[in-house]
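Chemist: Once you've had a glance at the structure underneath, I'll fire off some questions.
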Amino acid sequence: MELETAVFKGDQYMRYDVDADRGDDQSEGGLVYPAAVAGSWPGLLVAATPEPVDALAAYAKECADAIGVTVPDFDIDSSLGTTVPATNLIPVHAAYADASTCDRPNVLNGKCDHGSRFRVLVNTVDVFVVAHARKMGLSQGQYGDVAIIQHNKNNGATCFYQGALEDFGLSHDHNVKAPSKGVGDPAFWMTPSQIASSKFPCGSCHDNGPIIRSPYLAQITGPNQLPGAGDVTFNSDGQPYSFVGADFASWKSYKVEVSGNTCNGCHRMGVNNLSNIGIVPSNGTALDLGMKATDRTQVSKNPHSADSQIWMLPGQTTFQQSVADAAQAIQHCARQFRLGLPLPNSPISKP
72 MELETAVFKG DQYMRYDVDA DRGDDQSEGG LVYPAAVAGS WPGLLVAATP
122 EPVDALAAYA KECADAIGVT VPDFDIDSSL GTTVPATNLI PVHAAYADAS
172 TCDRPNVLNG KCDHGSRFRV LVNTVDVFVV AHARKMGLSQ GQYGDVAIIQ
222 HNKNNGATCF YQGALEDFGL SHDHNVKAPS KGVGDPAFWM TPSQIASSKF
272 PCGSCHDNGP IIRSPYLAQI TGPNQLPGAG DVTFNSDGQP YSFVGADFAS
322 WKSYKVEVSG NTCNGCHRMG VNNLSNIGIV PSNGTALDLG MKATDRTQVS
372 KNPHSADSQI WMLPGQTTFQ QSVADAAQAI QHCARQFRLG LPLPNSPISK
422 P
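Residue numbers (this note's numbering): 72 to 422.
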C-alpha cells in the first residue's frame with residue numbers, strides 16, 4: 072500500500088519544564104535508572120532543608136500547583152465508585168488467570184478483569200482527576216494495580232500516579248491515601264523516579280492526551296463516566312498536553328498526521344520518544360493502539376458484534392478494511408520517528 076503524505080507536528084505538545092525549547096527532541100538523554108537513595112527504594116528521598124522530604128509528596132504538591140486541584144484520599148470499594156462491567160464473560164465464572172473473553176476487555180493487560188473499579192474523583196470545567204483500580208484476581212479489598220491521572224484542561228498540565236504493583240512490593244489495600252501524604256507505610260505508591268525509569272512509563276501509551284478512551288472504560292455511564300468519553304474531539308488539536316515534574320522532563324510526544332487520514336479526522340494520533348529509544352516496546356496511539364482499535368480481532372475480546380463493537384470507528388460494529396488501512400498508514404509514518412529515520416519534509420508536510 073502506498074503511504075500518503077505524512078507529517079509530524081512537534082508544536083502540538085508543550086513540555087512542562089524549563090527545557091521546553093531545547094532542540095534535542097530525539098535525544099536519548101534523561102531516561103536513566105537512578106541510584107538507590109533509601110534502602111531498596113530508588114529515588115524515595117530528595118534533598119530538602121531541614122530534613123528529607125518524600126519525593127512523591129513533593130511531586131504531588133508540584134502537580135497541585137500546576138493543575139489547580141489536589142488528589143484526595145479515597146476508598147476504592149466505596150459506593151461512589153463504579154465496577155467496570157465485564158459483560159458476556161466466557162466462561163461465565165472465569166478467574167483472572169483463566170483464558171476468557173468478554174465484550175470490552177482491559178486493553179493494557181489484554182484481560183477480562185472483572186471486579187476492577189473506576190472513579191471520577193474530580194471533574195469540573197477546568198480539571199479532572201480519575202482513579203482506576205485493576206482487580207487482577209485478588210481477594211476482597213485488594214487490587215493489583217491502582218493508577219491516577221490528574222489533568223488541567225486549560226494549560227494541559229498532567230500528572231500520573233502509580234501504585235499497588237506486586238513487582239515493587241507495594242500494598243494492595245483499597246483504602247488509598249493521597250499521594251500528597253507520601254508513598255505510605257507500608258509503601259503503596261511508586262515514586263516519580265521509579266515510574267520514569269520503569270518498563271511501563273505512562274507517557275509511552277498516553278501520547279495523544281491524558282486519557283485513552285478504550286471501550287473498556289468508555290462503557291461506564293453515570294457520575295463516573297470517563298471524561299471525554301462522549302466527545303469525538305477529545306485529545307484533538309487545540310487541547311494542550313504536558314507532563315509536570317523534573318522526572319518526566321524528557322518525556323516527549325508528537326502528533327502524527329497523514330493527509331486525508333480518517334484517524335486524524337477526530338483526534339490526534341501520537342508517537343513518543345519513550346518507545347523511540349527502546350525503553351519500552353512499540354507503545355502509544357500511533358504505533359500500537361490504533362492498530363488494535365481497528366483490527367479484525369482483539370485479545371480477550373468476543374467477536375465483533377452489536378454487543379461487542381469494534382473499538383474504532385465510533386458507531387462501527389465490525390471490521391472495515393479502509394479504517395484498518397488508515398491506522399496502518401499512521402503507524403508507518405510513526406515508525407520513521409521510532410527508527411530515527413528522516414522525518415517527512417515537503418512543501419505540504421513538515422515536522
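Think of the CB as a built atom: it goes at the ideal place given N, C-alpha and C, for glycine as much as any other residue.
For residue 356, which of 219, 212, 131, 342 has the nearest alpha-carbon?
Modeler: Residue 356 has its Cα closest to that of 342, out of 219, 212, 131, 342.
Chemist: Report buried or exposed for residue 270, applying the criterion of at least 16 other Cβ atoms within 10 angstroms of its Cβ.
Modeler: Residue 270 is exposed by the Cβ-count criterion.
Chemist: Taking the C-alpha atoms as reference points, what is the distance between residue 315 and residue 283?
Modeler: When rounded, the distance between both Cα atoms is 19 Å.
Chemist: Since residue 375 and residue 389 are thought to touch, with beta carbons under 8 Å apart, how far apart are those beta carbons, to the nearest angstrom?
Modeler: Contact holds; Cβ gap of about 4 Å.
Chemist: Taking the Cβ atom as the reference point for each residue, do residue 213 and residue 243 lie within a distance shorter than 8 Å?
Modeler: In contact: residue 213 and residue 243 (Cβ atoms closer than 8 Å).
Chemist: Residue 138 and residue 223 - do their beta-carbons sit closer together than 8 Å?
Modeler: Against a cut-off of 8 Å, the Cβ pair of residue 138 and residue 223 comes out as a contact.
Chemist: The alpha helix (DSSP H) that contains residue 325, what's its start and end?
Modeler: From DSSP, residue 325 is part of no alpha helix (DSSP H) but of the beta strand (DSSP E) over 324-329.
Chemist: My assumption, with CB atoms under 8 Å, is that residue 172 sits in contact with residue 372. Please give the rounded CB distance.
Modeler: The pair is a contact, with the Cβ atoms about 6 Å apart (cut-off 8 Å).
Chemist: Counting Cβ pairs closer than 8 Å, one from the segment 291-305 and one from the segment 356-366, do we hit at least three?
Modeler: At 8 Å Cβ cutoff, the stretches do not touch.
Chemist: Which whole-angstrom value is the C-beta distance of residue 202 and residue 145, which I expect to be below 8 Å?
Modeler: Indeed, because the Cβ distance is near 6 Å, the residues count as touching under 8 Å.
Chemist: Along the chain, which unbroken stretches of the beta strand (DSSP E) at least 3 residues long are found entirely within the segment 377-408?
Modeler: List check, beta strand (DSSP E) in window: nothing returned.
Chemist: Using only CA atoms, which one of 323, 336, 322, 317 lies nearest to residue 305?
Modeler: It is 336.
Chemist: When you compare only the Cα positions, how much space is there between residue 317 and residue 381?
Modeler: Taking the straight line joining both Cα atoms gives about 38 Å.
Chemist: What separation, rounded to the nearest whole angstrom, lies between the Cα atoms of residue 345 and residue 272?
Modeler: Whole-angstrom Cα-Cα distance: 8 Å.
Chemist: In the DSSP assignment, the alpha helix (DSSP H) including residue 267 goes from what residue to what residue?
Modeler: Per DSSP, residue 267 belongs to the alpha helix (DSSP H) from 263-267.
Chemist: According to DSSP, what are the bridge partners of residue 291?
Modeler: Paired residues: none, contrary to the question.
Chemist: Residue 268 and residue 354: beta carbons closer than 8 Å?
Modeler: No; because the gap between Cβ atoms is not below 8 Å, this pair is not in contact.
Chemist: Would you tell me roughly how many angstroms separate the C-alpha atoms of residue 309 and residue 225, rounded to the nearest one?
Modeler: Answer to the nearest angstrom: the Cα atoms are 10 Å apart.
Chemist: At which residues does the alpha helix (DSSP H) containing residue 130 begin and terminate?
Modeler: First-last of the alpha helix (DSSP H) with residue 130: 126-138.
Chemist: Could you spell out the range, first to last residue, of the alpha helix (DSSP H) harbouring residue 365?
Modeler: 361-365 is the extent of the alpha helix (DSSP H) around residue 365.
Chemist: Since residue 189 contacts residue 152 with CB under 8 Å, what's their CB separation in whole angstroms?
Modeler: Contact holds; Cβ gap of about 7 Å.
Chemist: Among 332, 413, 228, which residue has its Cα nearest to the Cα of residue 134?
Modeler: When each option's Cα is compared against that of residue 134, the closest is 228.
Chemist: Kindly indicate which residue of 399, 232, 340, 413 has the alpha-carbon position closest to the one of residue 280.
Modeler: The option with the nearest alpha carbon to residue 280 is 340.
Chemist: Flag this pair as yes or no: are the beta carbons of residue 241 and residue 258 separated by less than 8 Å?
Modeler: Contact: yes.
Chemist: Could you give the first and the last residue of the continuous beta strand (DSSP E) run that contains residue 198?
Modeler: Per DSSP, residue 198 belongs to the beta strand (DSSP E) from 198-205.
Chemist: Taking Cβ positions, are residue 254 and residue 378 nearer each other than 8 Å?
Modeler: Not a contact, by the Cβ cut-off of 8 Å.
Chemist: Locate the beta strand (DSSP E) running through residue 27, then write down its first and last residues.
Modeler: This structure gives no information on residue 27, because the portion of the chain shown stretches from 72 to 422.
Chemist: Go ahead and label residue 92 buried or exposed: buried means 16 or more other beta carbons lie within 10 angstroms of its beta carbon, across all protein chains shown.
Modeler: Below a pLDDT of 50, predicted positions are generally treated as unreliable, and residue 92, at 38, falls in that range; the measurement from the model is reported next regardless. When all chains shown are included, residue 92 counts as exposed.
Chemist: Looking only at C-alpha atoms, which of 246, 232, 248 sits nearest to residue 263?
Modeler: Cα-wise, what sits closest to residue 263 is 232.
Chemist: Under a three-way DSSP split, which group does residue 356 fall into?
Modeler: It is helical.
Chemist: Using a Cβ-Cβ cutoff of less than 8 Å, which residues in the same chain neighbour residue 398 once the five nearest sequence positions on both sides are dropped?
Modeler: 334, 361, 362, 364, 365, 383.
Chemist: Are there 16 or more other CB atoms within 10 angstroms of the CB of residue 324, so buried, or fewer, so exposed?
Modeler: Residue 324 should be labelled buried.
Chemist: Tell me whether residue 164 is buried or exposed, calling it buried when 16 or more other Cβ atoms sit within 10 Å of its Cβ.
Modeler: Flag for residue 164 reads exposed.
Chemist: Between the alpha carbons of residue 187 and residue 245, how many angstroms are there, rounded?
Modeler: Approximately 11 Å, taken between the alpha carbons.
Chemist: Who are the near neighbours of residue 237 in its chain, counting only those whose CB is closer than 7 Å to its CB and skipping five residues on each side?
Modeler: Excluding positions up to five away in sequence, the list reads 215.
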